[in-house]
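A.B. asks: In full-length UniProt numbering, the protein residues as written are 1 to 649.
1) On the premise that residue 270 lies in contact with residue 238, defined as a C-beta separation below 8 Å, what is that separation, rounded to the nearest angstrom?
2) What separation, rounded to the nearest whole angstrom, lies between the Cα atoms of residue 256 and residue 566?
3) Return the first residue and the last residue of the alpha helix (DSSP H) that residue 176 is part of.
4) Are the CB atoms of residue 628 and residue 637 nearer to each other than 8 Å?
5) Specify the secondary structure class of residue 533 as computed by DSSP and reduced to three states.
6) Can you find the residues in the same chain that come closer than 6 Å, C-beta to C-beta, to residue 230, ignoring five residues on each side of it along the sequence?
7) Does the Cβ of residue 438 have 16 or more other Cβ atoms within 10 Å, making it buried, or fewer, making it exposed?
8) Name the DSSP bridge partner or partners of residue 600?
9) Got a sec? Which residues, its chain only, sit under 8 Å from residue 354 by beta carbon, not counting five neighbours each side?
10) Determine which residues share a DSSP beta bridge with residue 227 and list them.
11) Buried or exposed, going by whether 16 or more other CB atoms sit within 10 Å of the CB of residue 338?
12) In whole angstroms, what separates the C-alpha of residue 479 from that of residue 448?
13) Rounded to whole angstroms, what's the CA-CA distance from residue 125 to residue 334? Just pull it up for me.
14) Please name the residue, chosen from 595, 561, 596, that lies closest to residue 579 on a Cα-to-Cα basis.
15) Given this structure, state the Cα-to-Cα distance separating residue 235 from residue 377, to the nearest angstrom.
16) Name the two residues that bound the continuous beta strand (DSSP E) containing residue 328.
17) Tell me the rounded alpha-carbon separation between residue 169 and residue 555.
18) Counting C-beta neighbours from all protein chains within 10 Å, is the total for residue 101 16 or more, i.e. buried, or is it exposed?
19) Rounded to a whole number of angstroms, what is the C-alpha to C-alpha distance between residue 591 and residue 136?
20) Below 8 Å, how does it come out for the region 77-88 and the region 580-589: are there three or more Cβ pairs, yes or no?
21) If you follow the alpha helix (DSSP H) that residue 549 is part of, which residue opens it and which one closes it?
22) Kindly indicate which residue of 639, 622, 576, 572 has the alpha-carbon position closest to the one of residue 612.
23) Since I believe residue 72 is in contact with residue 633 (beta carbons under 8 Å), could you give me their beta-carbon distance rounded to a whole number of angstroms?
24) I'd like the span of the beta strand (DSSP E) that includes residue 376, first residue to last.
25) Return the chain-ordered list of same chain residues with a C-beta closer than 8 Å to the C-beta of residue 525, the five sequence neighbours on each side being excluded.
26) Report the residue from 204, 242, 640, 97 whose alpha carbon sits nearest the alpha carbon of residue 600.
27) What residue range does the beta strand (DSSP E) around residue 259 cover?
28) Given this structure, state the Cα-to-Cα distance separating residue 103 from residue 175, to the nearest angstrom.
29) Pairs of beta-carbons, one from the region 392-401 and one from the region 544-551, closer than 8 Å: are there three or more?
30) How about residue 170: is its C-beta nearer than 8 Å to some C-beta of chain C?
31) Should the region 126-133 be regarded as contacting the region 60-72, the criterion being three or more beta carbon pairs within less than 8 Å?
32) For the putative contact between residue 510 and residue 427, defined by C-beta atoms under 8 Å, what is the C-beta separation to the nearest angstrom?
33) Three-state secondary structure (DSSP) at residue 272?
34) Taking buried to mean at least 16 other C-beta atoms within 10 Å of its own C-beta, is residue 217 buried or exposed?
35) What number of angstroms, rounded off, separates the C-alpha of residue 59 from the C-alpha of residue 323?
36) Which class does residue 630 belong to by DSSP, given the choice of helix, strand or coil?
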């Protein structure tokens, strides 16, 4: 191309460079000269003989013969790759232990094109990109998603299901979850001071007979499975317990949660459990305080008298970067078992008094109130995970055998008790009718005597009346009185018979009721479920694959939260805008350019909607570059940059 003389002096050029109006031109590698455009990639994907996007035929043939353990990631230069922003999460996913812990627990999969490493990254990227289940993969381009894995295409739905099933058959899902929880706890031990506990119910709509529980969102009782989530003081998930038969919170805390917490935290360190009234138990509070080094923070259960208004004072304090203002009061109280605890009350503007109970005696009561009310962050977490990560989704409806020795309420005793209550209601009904008839009979007898006395006094006072009229009136009154007496006699003759029948019926029912009461006392409250059901019918939902998927979703949420915290300085309303920005970041398009000479993979992101977002993107890229992460399975360094970096300021 012929050069033009622009008559610009060397000094002018140097000055423009000095004030950053001009930048030195960057050398372009050979890879950047051959960037594949989206249309070209789409055309190549369609031309695949063995499926959309299938290009690496040799490796797939080796995989079919069992001679390939796992396909190696290979990247080529592409232009305008959608959702390449999700690669920004990869350094954090790796630091959280996704690949390291996964390979330590599961080892490797059977020889195939997709190995353990690519499957774990695949599930993580699906979660972050809000591809909420395996079936939704059919709605996305497999070729472009495959580039994110360094492969020719993303696995098909049936292939991914088969790989997840293979991981689940190893039976090490709980070990995978526990090792990740241990890793997270060691990275942030200060966050385990307050642990929030709450249950989350997933409805089951299959054909098998599963234990029922109440689902608050649907306002009904139906078959379901209950998970208890434990979140740290920052409301980030630490671990999760899946119950076999919708066990109550108190039982799960004592049998599973406290032992798991003691595995994560040194036995000498006290931890505080924060939960709602479902876990209320004065005897357990006393036992945990003395034997398990566990404090509690919960709402008081039951009715209680209001405190005088002079017991409350206005307090204001900065806690965890938030300025809080409460009207609080406190005192020590003794529970029903004689155990002394600390009660903190908040006076609301409506006049309602919220009572908080804790075994913590030295901590500031303002902070304790804040920590108790911060429990709502766990509810917000559940709502966010339902909407964004689809944690209500049951990965499989497959069932496995459950424990036949599990104790359940005795159904025979329930039937007898129900019949006893029905008879008791009948007795009450007849007793009420008996009382009404008795009272009515007494009132009629009293009214009769009063009428008779009035008639006699009236007849005596009447004098000078003609004998004929007396006779006629007497005759008429006699006729009327006889008719009235006959009707009353017939009525009276019926009433005693009713009362007698009612008395007889009451005695019969009382005898039957007493027999049923004795029968109820002779039966145990709980029996083994194997005594009332066949072993083939005693089932529970398969948990291995469920735990694997849920654990990876927890890891992805923690990675998203870490990115969320990195952009905090760039948004004035970070709580409202932060996660929406991170979500848009994952969908961001850009260019992916492998550089063999430098041994790196350059990811150049396209611009965002505004300058503020571009500045935040640039800072995130800088921080991720500081991690110096190599793409798993390769020796190539990941380098992130915003295309704004190439522009003048």
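Even for Gly, the Cβ is constructed at its ideal location relative to N, Cα and C.
C.D. replies: Well, looking at it:
1) Not really, about 17 Å apart at Cβ, beyond 8 Å.
2) Computed Cα separation, rounded: 35 Å.
3) Residue 176: member of the alpha helix (DSSP H) spanning 173-187, first to last residue.
4) One thing to note: residue 628 has its Cβ within 8 Å of the Cβ of residue 637.
5) If DSSP states are grouped into helix, strand and coil, residue 533 belongs with coil.
6) Here the set comprises 195, 197, 238, 239.
7) With fewer than 16 Cβ atoms within 10 Å of its Cβ, residue 438 is classed as exposed.
8) Beta-bridge pairing links residue 600 to 595, 637.
9) These residues qualify, in order along the chain: 299, 345, 346, 348.
10) Within the DSSP bridge table, the entry for residue 227 names 200, 242 as partners.
11) Residue 338 is exposed by the Cβ-count criterion.
12) For residue 479, the pLDDT reaches just 43, beneath the cut-off of 50, and the residue's location in the model is therefore unreliable, although a value from the coordinates is still provided. Whole-angstrom Cα-Cα distance: 17 Å.
13) Spanning the two alpha carbons is a distance of roughly 52 Å.
14) The shortest Cα separation from residue 579 among 595, 561, 596 belongs to 561.
15) If I take the Cα positions, the gap works out to 6 Å.
16) Segment 322-334, the beta strand (DSSP E) holding residue 328.
17) Here the alpha carbons of residue 555 and residue 169 stand approximately 21 Å from one another.
18) By the Cβ neighbour-count rule, residue 101 is buried, with 16 or more other Cβ atoms within 10 Å of its own.
19) Their Cα atoms are separated by approximately 25 Å.
20) Touching, yes, given that three or more Cβ pairs across the two stretches are closer than 8 Å.
21) Going by DSSP, residue 549 is part of the alpha helix (DSSP H) stretching over 544-566.
22) Checking every option, the nearest Cα to that of residue 612 belongs to 572.
23) About 6 Å separates the beta carbons of residue 633 and residue 72, which is inside the 8 Å limit, making them a contact pair.
24) Here residue 376 belongs to no beta strand (DSSP E); instead the alpha helix (DSSP H) covers 376-384.
25) Answer for residue 525: 409, 410, 413, listed in chain order.
26) The shortest Cα separation from residue 600 among 204, 242, 640, 97 belongs to 640.
27) Residue 259 -> not in any beta strand (DSSP E); alpha helix (DSSP H) instead, spanning 258-264.
28) Computed Cα separation, rounded: 12 Å.
29) The region 392-401 is in contact with the region 544-551.
30) Here chain C cannot be found, since the structure has a single protein chain.
31) The region 126-133, when compared against the region 60-72, does not touch it at the 8 Å Cβ threshold.
32) Right, their Cβ atoms sit about 6 Å apart.
33) Shown here, residue 272 sits in a strand according to DSSP, grouped into three states.
34) If you draw a 10 Å sphere on the C-beta of residue 217, you find fewer than 16 other C-beta atoms in it, and that means exposed.
35) Each residue's alpha carbon lies about 59 Å from the other.
36) Looking at residue 630 - three-state DSSP - the assignment turns out to be strand.
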